[in-house]
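Working notes, structure below.
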Amino acid sequence: METMFGIAVDGVAYGMILFIISVGLSVTLGLMRVVNLAHGAFAMVGGYVASYAAQSAGLPYGLALVVAVALTVLATLPLERLLYRRIYGSANELAQVLLTIGLTFVIVAGINYLFGPTLKRIPLPDLLTGTVQLGPKSIPTHRAFVIGAGAATLLGLWWLLERTDFGIRLRAAVDDPAMAAALGIRTERLYLATFALGTGLAALGGVLGAELLPLEPYYAIRYIVLFLAVVAVGGAGSIFGSAAAALALGIVDTAGKYLIPNFGEFFFYAALILILFRWPHGFFKGRTA
Amino acid sequence: MTRTLRNALLGNALLGAAFGLALAAGPAGAATIKVGVVAPFSGPFGVVGKSFKEAIEVYQAEHGKTVGNDTVEFIYKDLDQANPAQSKALSQELIVKEKVSFLAGYFFTPDALAVAPLIDEANIPCVIFNAATSAITEKSPRYVRTSFTLWQNTVPLAEHMAKQGIKKAISAVSDYGPGIDGEAAFKTTFEKNGGTVVDTIRMPLKSTDFAPFMQRIKDSGAEAVYAFLPAGPTTLAFAKAFNDTGLKAAGIKFFGPGDLTQEPDLPALGDAVMGITTTFNYSRAHDSAMNKAFVAKHKEMFGSYDSVTFTSVGAYDGTHVIYQMIKNSGGKIDGAKAVESVKGMSWESPRGPLTIDPDSRHVTQTIYLRTVEMVDGRLENVEKQSFPKQPDYGYKLAK
């Protein structure tokens, strides 16, 4: 019983971290139909900015987080205007993959050149170190914080996409760009804003997830499969789908590792195959947010 | 844009050709002996190639670039990840096109293993600077190794743990060659010394979340954990999970081979690795005049000694062995004879005294017990105890 509880707590904690670093990709992939393989690279850039801000500039954690998200968004906006704008739409899938994987290599090399190949850390404030007790089980405070942040992100996104004018226009623009434009919706601006949302979420995930996925230049390539798996299982563009997928995969992976560690990643990928076999478009096909 | 690019490329090509000519027209009479170094110079392990190259350059700065009348020239080939086929192709290219007399380097075990048929056919000695699986030197009589093996580091560690009165221990290793070597060495030695290994956990190489393994370690009731993971992100995540899930607070002791706390990673690992006890063949903080000079020379030549670590001494001593083979052969190199000539050779290295074991062709050396501590504002592996003359315990162990 205690074991089951342990697995559940650790699984949910891991799942929430998966969610927070993958949800940005779900936004770009589902709402903008861009297979953005540079998502991991954007998350990494966010992490490095936060690490630099906290370690070299001496900013407190919260401020470093805000600066990282803001700077990453600012740095990637020109990319949207210059590059991404040309490859929107599902007809350009090959171009999207080639462009974004190329961009990833450029960012990896750039980070390697600027910051060197060794690991970087984002120092945590005292408030987030240590452990919190959950019944018979203790989990790191930082993880509890990430679970909270993940839940807040989930609700915030749902509200933004389902309950605001912006969300309604965005969904209209995604469903039928020509019609939306004819009705006077400025689709270009909408796309720019959504792209910014996606990269901002990537940076947020990069910073918050850095305790689990440590920052190094190959971060962008090392973990992209993980992010893609979550989005594929959840259904592109579905925020709740991503959350459900991340939690399911997190719990399955944790249970597998705890009970039969020698099987390694077997359970993670077995779950991936079975879920996609049953729901080829993911838990929630990207109709609603 | 394209025009300037083309011009630049053309310029480069011309420059290259000019260099080629200059090299070909080198001093007459004296020969150039070439050494091919295969190692990762780019990619996630690029820092390894860098440390190899710097150590070789330090050696050449101290001992000159010539042996007798011959100039020794190092040719570097980049192999950015474990890839045996590519390793073989690069080594073959070095032998056939560059006509090297020695092969050296090799960070990963599979890359080193892949060249065994080549070095036998071409009769070329291969000096391994790192690849640490015991079985490698069994595959060809032309391998010489100047690094360490998992067995060499783990046996003294397991004995030390048993002497500390630890009765129940658990091993947690990454599920790949060296990890399994470490597990076997630990289990055998620890149980021979009266301890019990309550569980052996093999963790997938790609693990990111270590919380489940920590729970398992906690549940096993072990007093101490022996862990081995490849250096880098996995080690950091493992050490952090160890602290964060309260295992450290619960008084479980953490032991492992020194790969875990290699010097370039220490600033990032930080507090997470305080209190870990490791055994290893080299610490940058090793207290000897020779090591101080070795580190100082790095600082002088490259502006910093941040990258000096175990791979540095592997390459430095490997270069020494190559120089010695050239000296012994008087300029006419025959691979098998050259290897024969350095068997039993002893010398003093920045890490301490070394001897090439005549059977295993692996260095017998002192293994040090260390903990991570702050020294002059830098984290260093501080040596606490030494175990002299440790051979490769894993050589010719049936597997």
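Protein chains in written order, with my numbering: chain A, 1 to 289; chain B, 290 to 688. By construction, the Cβ of each residue, glycine as well, lies at the ideal position given by its N, Cα and C atoms.
{"query": "Can you tell me whether DSSP reads B:N617 as helix, strand or coil?", "result": "helix"}
{"query": "Taking the alpha carbon of B:N482 as the point to measure from, which residue in B:Q453, B:S496, B:D470, B:F591 has its own alpha carbon closest?", "result": "B:Q453"}
{"query": "Given that B:I490 touches chain A, what residues does it touch there, using C-beta distances under 7 Å?", "result": "P261"}
{"query": "Can you tell me which of B:D533, B:E552, B:K456, B:A451 puts its alpha carbon nearest to the alpha carbon of B:S509?", "result": "B:K456"}
{"query": "By the three-class DSSP mapping on this structure, what secondary structure does A:S22 have?", "result": "helix"}
{"query": "Relative to the alpha-carbon of A:R33, which residue among A:S238, A:L274, A:A244 has its alpha-carbon at the smallest distance?", "result": "A:S238"}
{"query": "Could you confirm whether any beta carbon from chain A is found closer than 8 Å to the beta carbon of B:L525?", "result": "yes"}
{"query": "Is any beta-carbon of chain B found at less than 8 Å from that of A:Y14?", "result": "yes"}
{"query": "Rounded to a whole number of angstroms, what is the C-alpha to C-alpha distance between A:I107 and A:D126?", "result": "32 Å"}
{"query": "Could you tell me whether the Cβ atoms of B:P414 and B:V433 are closer together than 8 Å?", "result": "yes"}
{"query": "Which chain B residues sit within Cβ distance under 9 Å of A:T131?", "result": "D533, T534, G535, A538"}
{"query": "Report yes or no: is there a C-beta of chain A within less than 8 Å of the C-beta of B:K342?", "result": "no"}
{"query": "Check whether the Cβ atoms of A:G234 and A:A244 lie closer than 8 Å to each other.", "result": "yes"}
{"query": "Who are the Cβ neighbours of A:T76 in its own chain at under 7 Å, not counting the five residues just before and after it?", "result": "F42, T199"}
{"query": "So the beta strand (DSSP E) B:K457 belongs to, where does it begin and stop?", "result": "457 to 463"}
{"query": "Nearest by alpha-carbon distance to A:Y48: which of A:V174, A:A202, A:A144, A:I122 is it?", "result": "A:I122"}
{"query": "I need the straight-line Cα distance from B:L446 to A:L226, nearest angstrom please.", "result": "36 Å"}
{"query": "DSSP three-state label for A:R294, please.", "result": "The structure shown does not extend to residue 294 of chain A, since chain A is modelled only from 1 to 289, so the question has no answer here."}
{"query": "In the DSSP assignment, find the alpha helix (DSSP H) that holds B:K342 and state where it starts and stops.", "result": "335 to 352"}
{"query": "Does the structure place the segment 357 to 365 of chain B close enough to the segment 319 to 334 of chain B that three or more beta carbon pairs sit under 8 Å?", "result": "yes"}
{"query": "Using a cut-off of 7 Å between C-beta atoms, extract the partners of B:A557 located in chain A.", "result": "T118, L119, K120, R121"}
{"query": "Who are B:F517's beta bridge partners in DSSP?", "result": "B:V462"}
{"query": "Which partner residues does A:Y218 have in the DSSP bridge list?", "result": "Answer by DSSP bridge pairing: none, since A:Y218 is not bridged."}
{"query": "Please confirm whether B:N442 and B:I656 have their CB atoms less than 8 Å apart.", "result": "yes"}
{"query": "Run through DSSP, which three-state label would B:R491 get?", "result": "strand"}
{"query": "Measuring straight from C-alpha to C-alpha, what distance separates B:G592 and A:L74?", "result": "35 Å"}
{"query": "How should A:G114 be labelled, buried or exposed, when 16 other C-beta atoms within 10 angstroms of its C-beta is the threshold for buried?", "result": "Residue 114 of chain A is actually Leu in this sequence, not Gly. Counting Cβ neighbours within 10 Å, A:L114 comes out exposed, since fewer than 16 surround it."}
{"query": "Relative to the C-alpha of B:P333, which residue among B:H352, B:L368, B:G620 is closest?", "result": "B:L368"}
{"query": "By the DSSP assignment, the alpha helix (DSSP H) with A:F268 in it spans what residues?", "result": "266 to 278"}
{"query": "Identify each residue in the segment 206 to 217 of chain A for which the Cβ-Cβ distance to at least one residue of chain B is less than 7 Å, and report them in chain order.", "result": "E211, L212, L213, P214, E216"}
{"query": "Which ranges does the beta strand (DSSP E) cover as unbroken runs of at least 3 residues, wholly within the segment 534 to 589 of chain B, from first to last along the chain?", "result": "542 to 546, 566 to 569"}
{"query": "What number of angstroms, rounded off, separates the C-alpha of A:A149 from the C-alpha of B:L558?", "result": "25 Å"}
{"query": "Over the uninterrupted alpha helix (DSSP H) stretch that includes B:E387, give me the two end residues.", "result": "It is not in any alpha helix (DSSP H) - B:E387 carries neither H nor E in the DSSP assignment."}
{"query": "B:K366 by DSSP, collapsed to three states: which one?", "result": "strand"}
{"query": "With 16 other CB atoms within 10 Å as the buried threshold, where does B:G315 fall?", "result": "Note that B:G315 scores a pLDDT of 40, beneath 50, so its modelled location is shaky and nothing firm can be said."}
{"query": "Is the CB-CB distance between B:G325 and B:L402 below 8 Å?", "result": "no"}
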